[in-house]
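>
There are 2 protein chains.
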Amino acid sequence: MLWSGWGDPAKARELPEQVRRLLHDFLGVRAPGTAAVALESVRLPPVALPGPLLEALAKIVGSAHVLTSHEARVRHTRGKSTPDLLRMRTGDGSDAPDAVVLPGSHEEVAELLRVCSAERVAVVPFGGGTSVVGGLAAARSGFAGVIALDLGRLDRLLSVDLESLVASFEPGVRAPEAERLLAGRGLTLGHFPQSFEYATLGGFAAARSSGQASAGYGRFDDMVMGLTVATPSGTLDLGRAPKSAAGPDLRQLVLGSEGAFGVITSLRLRVRRAPAERRYEGWRFGTFAEGSAAVRALAQEGPLPTVLRLSDETETMIGLAKPDAIGSGGSGGSGCLLIAGYEGAFAAERQAAASAVLERTGGEPLGAEPGEAWEHGRFSAPYLRDSLLAAGATVETLETAGFWANLPRLYDAVRLALAGALGSPLVMCHISHVYETGASLYFTVVTAQEGDPVEQWERAKAAASAAIVEAGGTITHHHGVGREHRDAYAAELGPVGVSVLQAVKARLDPAGILNPGVLVPPAGPA
Amino acid sequence: MLWSGWGDPAKARELPEQVRRLLHDFLGVRAPGTAAVALESVRLPPVALPGPLLEALAKIVGSAHVLTSHEARVRHTRGKSTPDLLRMRTGDGSDAPDAVVLPGSHEEVAELLRVCSAERVAVVPFGGGTSVVGGLAAARSGFAGVIALDLGRLDRLLSVDLESLVASFEPGVRAPEAERLLAGRGLTLGHFPQSFEYATLGGFAAARSSGQASAGYGRFDDMVMGLTVATPSGTLDLGRAPKSAAGPDLRQLVLGSEGAFGVITSLRLRVRRAPAERRYEGWRFGTFAEGSAAVRALAQEGPLPTVLRLSDETETMIGLAKPDAIGSGGSGGSGCLLIAGYEGAFAAERQAAASAVLERTGGEPLGAEPGEAWEHGRFSAPYLRDSLLAAGATVETLETAGFWANLPRLYDAVRLALAGALGSPLVMCHISHVYETGASLYFTVVTAQEGDPVEQWERAKAAASAAIVEAGGTITHHHGVGREHRDAYAAELGPVGVSVLQAVKARLDPAGILNPGVLVPPAGPA
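Here the protein sequences line up with chains A and B, keeping their order. Quick note on this note's numbering: the first sequence kicks off at -2 and runs consecutively. Quick note on this note's numbering: the second sequence kicks off at -2 and runs consecutively.
#1: Of the residues A:V443, A:A243, A:Q499 and A:G368, which one's Cα is nearest the Cα of A:V304?
#2: Would you list the residues sitting across from B:F193 in a DSSP beta bridge?
#3: How far does the alpha helix (DSSP H) with B:G213 in it extend, from its first residue to its last?
#4: If we ignore side chains and look at the alpha-carbon of each, how far apart do B:G326 and B:D506 end up?
#5: Can you give me the C-alpha to C-alpha distance between A:P6 and B:L266, rounded to a whole angstrom?
#6: Look up A:E68 in the DSSP assignment and say whether it is helix, strand or coil.
#7: Going along the chain, which residues of its own chain have a beta-carbon closer than 7 Å to the beta-carbon of A:V221, five neighbours each way excluded?
#8: Can you give the beta carbon distance from B:D95 to B:A45, rounded, assuming they're within the 8 Å contact cut?
#9: Check the Cβ of B:T232 against every Cβ in chain A and list those closer than 9 Å, keeping chain order.
#10: Just checking, does the region 387 to 396 of chain B make contact with the region 72 to 91 of chain B on the three C-beta pairs under 8 Å criterion?
#11: To the nearest angstrom, how far is it from the Cα of A:R111 to the Cα of A:V121?
#12: Of the choices B:P518, B:H430 and B:L511, whose alpha-carbon is the least far from that of B:F123?
#13: With a threshold of 16 other CB atoms inside 10 Å of the CB of B:D383, please say whether the residue is buried or exposed.
#14: Rounded to the nearest angstrom, what separates A:I336 and A:R306 at their Cα positions?
#15: So, does the region 431 to 443 of chain A touch the region 155 to 167 of chain B, judging by three or more C-beta pairs under 8 Å?
#16: Return no unless some Cβ of chain B is closer than 8 Å to the Cβ of A:Y408.
#17: Tell me, please, whether the CB atom of A:E472 is closer than 8 Å to any CB atom in chain B?
#18: Counting only Cβ pairs nearer than 9 Å, list the residues of chain B close to A:Y486.
#19: So is A:T531 buried or exposed if we call it buried at 16+ other beta carbons inside 10 Å?
#20: Along the chain, where does the alpha helix (DSSP H) that runs through A:V411 open and close?
#21: Please state the DSSP three-state secondary structure of A:H430.
#22: Identify which residue in A:D152, A:A463 and A:R504 has its Cα closest to the Cα of A:S102.
#23: In chain order, which beta strand (DSSP E) runs of at least 3 residues are fully inside the region 37 to 122 of chain B?
#24: So the candidates are A:R276, A:Y380, A:L295 and A:G364; which of them puts its Cα closest to the Cα of A:E340?
#25: At which residues does the alpha helix (DSSP H) containing B:F561 begin and terminate?
#26: Quick one: does B:Q446 have its CB under 8 Å from some CB of chain A?
#27: Starting from A:I472, follow the alpha helix (DSSP H) in both directions and report where the run begins and ends.
#28: Please list the segments of the beta strand (DSSP E) lying wholly inside the region 291 to 340 of chain B, counting only runs of 3 or more residues, in order along the chain.
#29: Mind checking the region 428 to 462 of chain A against chain B and listing, in chain order, the residues whose C-beta falls within less than 7 Å of any C-beta there?
#30: Assign A:G208 to buried or exposed, taking buried as 16 or more other Cβ atoms, counted over all protein chains shown, within 10 Å of its Cβ.
#31: Out of B:V170, B:R10, B:L19 and B:L(-1), point me to the one whose CA is closest to B:A445's CA.
#32: Consult DSSP for A:G279 and reduce its assignment to one of helix, strand or coil.
#33: Hey, does B:V39 have any beta-carbon neighbour from chain A nearer than 8 Å?
#34: Tell me the DSSP secondary structure of B:A400 in three-state form.
#35: Taking C-alpha atoms, which residue in B:L407, B:P422 and B:L415 lies nearest to B:I428?
#36: Please classify B:F166: does DSSP put it in a helix, a strand, or coil?
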């Protein structure tokens, strides 16, 4: 993974001339962005942890698994949001951990938490490092130091129960590796978020992730049947049945807890038989409102495709649903592009029935090509971002969800807020996760960099977040809370909800060492 | 509702001669059970709450809504488990509340909680009064008194959002009334537990209920999009979107909290368009193992029927799936009866596809008759219980859930434990809630009363609960925790999980007035 950007540097893309022209003519991009410094030139704070403490950690995990090298620290600094990348490009490594510690077992994690609690060392659980909400930038203040708890050594498939279709994994398994391990048994998890190539299973659970095939496979929280969690106060082992009436579902308290309550050390996940066929196709609707009504009909009447994505007029025109094709063949056309994919049991029957709904609701079938183009480029968009940053444009995404009746208000509010903060940015939107009662809205924003691009974006983001809270949406549907959404999340939950989180945090992590500053607002004076 | 039994006294049933013979010949029932005393003869503790405190409560809700009459107190004593009924039949009203208080608004609930916290009055939220796990029997010790907080006046449908298919209700609406109110708009909730005729929406949420049509409509927790909860520490208002990645899902902390964290004062529920047709039918499988494999195939490959219930050999023989027909036409036959129901969109297509799976997995189609007989008697079983108690037999149900691979072990363990405790009881079982990764097991036990029937049953129940915990199942799939399952639940959660519940309880209900003794084991010395 590129330390200052996304993904495999070999896959980096030059911007097509057409996109450069678009940036220049429509967004007013006049100068390239700041080039990334060399890795060696990133400025890191000195290692704050004293030698004996580092030795105590090494005693637990082995000295080969406590890293304090410049490169290891740089590679565990923050996540992959646009502000994260902009800061790294300028060489700002101020959020770096003092050390990277790689435990090899649940017991080592538990022991690390014990020592770090006693010594007041902040612990940032680190999976794929793909957070886009500041989920990996711990508050240093009040701590002896900060370690990144890299779960990369906990990378095993522990067991597969073919009768129950439950697979047990360690948390550090990356998604492609999980799919590879399962494919050997004819199985799939079916979780394909845009971070797929790098993110880990533990990270999906901790951040309550949702993937591109959520219509068919469900969100990651739907897949989690059981969890083992090491906390400073002991181990939680949850999930004796798919569902239970035995009290509150505490699995749902761990999911989304972003490392602030404990460290997930194993997961029992629902898996499915790998589909024999996959069919992707495109449809065109006249307007976003018409397309929204169509995807709502699919969600409420069925059948749902496995993949369902509806771009608004702007996203369709730019062709963002097919990032590999942007700039290569003119615009994506008028109206709104809908991508539908069908996988697994009854794929053909579901396709026929869903197609009837899409035709009835005004869709024009475009055949397989747009679907296959989407499929081909489904993980490409983050690569494009690096090229845009270099070209002097800021590109970032943000997202929300709400009930159907409230979506138009949310859509308008976010676009208005971004326009107010950025002048005339390019704002694209799609619906990619639908439910019977509502859906998510996922915005991609492109703007010319002006002044300090981090400050410029943070103003826009703050305006958009305030608009989401005000318009009654949730502050995030699949990116998580981290530090970026913490205040908006607190507003969403209300003071009583926040106090519940604080109480849970205080019970499980009395020293407050776990990912401090993330998710849970600090408790005020009692 | 009959105070000493179940339901409408007009619907009480005489036991058919064939059943009397079965009780005599096979279970050794020799003498009738103790007849129920008259309501006036139930022994109640004196009202412990002092007059000024009752006046303070009356000031909040109006004096017409604070009841201390003998009948009101009897009717709010405990729930509807077999031990509850056996105790009431003997006139034991020792768990009666001092008063029944009926608030008329969220604000009145909040104010009652404030006063009761200050005065240390225990508060037992009371919906339909149908708990079968001791969820309504508060611990008195350490409190100035106990009130039943009857939510019957909070009985309104507040709004319907036809676009989002979300209906907002007050908590005291009984299920049939909710269906009636929704039917006027062409909608249904689709939640039909056996307690349907009396239970309330708030109770379903508080106890994490699951209904007979859960395969098609989901569990009640799947239907809850939002909740407003009055707690002694303030109001929680949760649910801005169907799903969110904004931290832990706190709705899932309220669901199943059984009044121990707060009082649900409104619910936003996902509703569906009422089905145009309902098709119920029967199938026969040779063995419970074969039938289990068939329902597992439906759950894992699809399509799922709306209703799915598989009786084991004993339940099939007795004919419990058709309670109205028991004793009227011989046994239910050999093998295992499966009931499948199809409602709503694509009912015919789903029936055809599911039937193909059932045939492939060895099922013999029995046509519509068994399905319609099941549908006719779906809420009748509790009436039968009263007749059996009067005849000198104890009948009670218990249930669990687990992952598919573990179900045979759970099934054997529970039957063995019951046989060990009761000699040779009649133990019937069915699977009525299936998931991709597992299912519930629902046991009905009939035994001759010996000695004190409450003590007799409590020994059997303790043995069955210990067997469930030991065999790795959850202590309840749809009845809840209450007092009866509290210790087993604590064993299931483990000490860290229990401490989380205690921390939440302490934060939301610092005086510990909410349903004390239910759900959450009391915190030990810190």
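Backbone N, C-alpha and C define an ideal beta-carbon position, used for all residues, glycine too. Remember, predicted model here, so these are calculated numbers, not experimental data.
So, from the data block:
#1: In the first sequence, counting from the first residue as 1, residue 304 of chain A sits at position 307. Measuring from the Cα of A:V304, the nearest candidate turns out to be A:G368.
#2: Numbered from 1 along the second sequence, position 196 holds the residue referred to as residue 193 of chain B. B:F193 is not bridged to any residue.
#3: The residue labelled residue 213 of chain B in the question sits at position 216 within the second sequence. From DSSP, the alpha helix (DSSP H) with B:G213 extends over S211 to Y214.
#4: Counting from 1 along the second sequence, the entry for residue 326 of chain B is found at position 329. Counting from 1 along the second sequence, the entry for residue 506 of chain B is found at position 509. Because B:G326 carries a pLDDT of 49, less than 50, the predicted location of this residue cannot be relied on, and the following value inherits that uncertainty. Each residue's Cα considered, the two are about 54 Å apart.
#5: Against the first sequence, residue 6 of chain A aligns to sequence position 9. Against the second sequence, residue 266 of chain B aligns to sequence position 269. The straight-line gap from Cα to Cα measures roughly 48 Å.
#6: Locating residue 68 of chain A in the first sequence gives position 71, counting from the first residue. Reduced to three states, the DSSP call for A:E68 is helix.
#7: Locating residue 221 of chain A in the first sequence gives position 224, counting from the first residue. Taken in chain order, the residues that qualify are A202, R248, L252, L264 and L266.
#8: Residue numbering aside, residue 95 of chain B sits at position 98 when the second sequence is read from its first letter. Residue numbering aside, residue 45 of chain B sits at position 48 when the second sequence is read from its first letter. So it is a contact: roughly 5 Å between Cβ atoms.
#9: Indexing the second sequence from 1 puts residue 232 of chain B at position 235. Going along chain A in sequence order, the residues near B:T232 (Cβ under 9 Å) are G491 and V493.
#10: yes
#11: Translated into the one-based positions of the first sequence, residue 111 of chain A becomes position 114. Translated into the one-based positions of the first sequence, residue 121 of chain A becomes position 124. Answer to the nearest angstrom: the Cα atoms are 14 Å apart.
#12: Here residue 123 of chain B is taken as the residue at index 126 of the second sequence, counted from 1. Considering only alpha carbons, the answer is B:L511.
#13: The residue given as residue 383 of chain B occupies position 386 in the second sequence. Flag for B:D383 reads buried.
#14: Counting from 1 along the first sequence, the entry for residue 336 of chain A is found at position 339. Counting from 1 along the first sequence, the entry for residue 306 of chain A is found at position 309. Answer to the nearest angstrom: the Cα atoms are 5 Å apart.
#15: yes
#16: Taking the first residue of the first sequence as 1, we reach residue 408 of chain A at position 411. Chain B, which has no Cβ nearer than 8 Å to the Cβ of A:Y408, makes this no.
#17: For the purposes of this step, residue 472 of chain A is taken as residue 475 along the first sequence, with counting starting at 1. Per the sequence shown, the amino acid found at residue 472 of chain A is Ile instead of Glu. At least one chain B Cβ lies under 8 Å of A:I472.
#18: Within the first sequence, the letter at position 489 stands for residue 486 of chain A. By Cβ distance, chain B contributes A243 and G244.
#19: Because residue 531 of chain A is not part of the residues shown, which for chain A are -2 to 523, the question remains open.
#20: On the first sequence, position 414 is the one that residue 411 of chain A refers to. Taken as a continuous stretch (DSSP letters only), the alpha helix (DSSP H) holding A:V411 covers L404 to L419.
#21: Counted from its first residue, the first sequence places residue 430 of chain A at position 433. Here A:H430 sits in coil by DSSP.
#22: Reading the first sequence from its first residue, position 105 is the one you call residue 102 of chain A. Minimum Cα distance to A:S102 is reached at A:D152.
#23: 96 to 98
#24: The residue you call residue 340 of chain A lines up with position 343 of the first sequence. Closest by alpha carbon: A:R276.
#25: Within the shown structure, residues of chain B are numbered from -2 to 523, placing residue 561 of chain B beyond reach of any answer.
#26: Here residue 446 of chain B refers to the residue found at position 449 when the second sequence is read from its first residue. No, its Cβ sits nowhere closer than 8 Å to a Cβ of chain A.
#27: Residue numbering aside, residue 472 of chain A sits at position 475 when the first sequence is read from its first letter. It is not in any alpha helix (DSSP H) - A:I472 carries neither H nor E in the DSSP assignment.
#28: 304 to 308 and 333 to 340
#29: Y432, E433, T434 and G435
#30: Within the first sequence, residue 208 of chain A is the residue found at index 211, counting from 1. Classification of A:G208: buried, given that the 10 Å Cβ count is 16 or more.
#31: The count along the second sequence starts at 1 and reaches residue 445 of chain B at position 448. When only C-alpha atoms are compared, the closest one is B:L19.
#32: Along the first sequence, read from residue 1 onward, the residue named residue 279 of chain A stands at position 282. Three-state result, A:G279: strand.
#33: Taking the first residue of the second sequence as position 1, residue 39 of chain B is located at position 42. Not closer than 8 Å to any Cβ of chain A, the Cβ of B:V39 fails to qualify, so no.
#34: Translated into the one-based positions of the second sequence, residue 400 of chain B becomes position 403. Residue 400 of chain B is actually Phe in this sequence, not Ala. Residue state, collapsed to three classes: strand.
#35: By one-based count along the second sequence, residue 428 of chain B stands at place 431. Closest option to B:I428, Cα to Cα, is B:L407.
#36: Within the second sequence, residue 166 of chain B is the residue found at index 169, counting from 1. If DSSP states are grouped into helix, strand and coil, B:F166 belongs with the strands.
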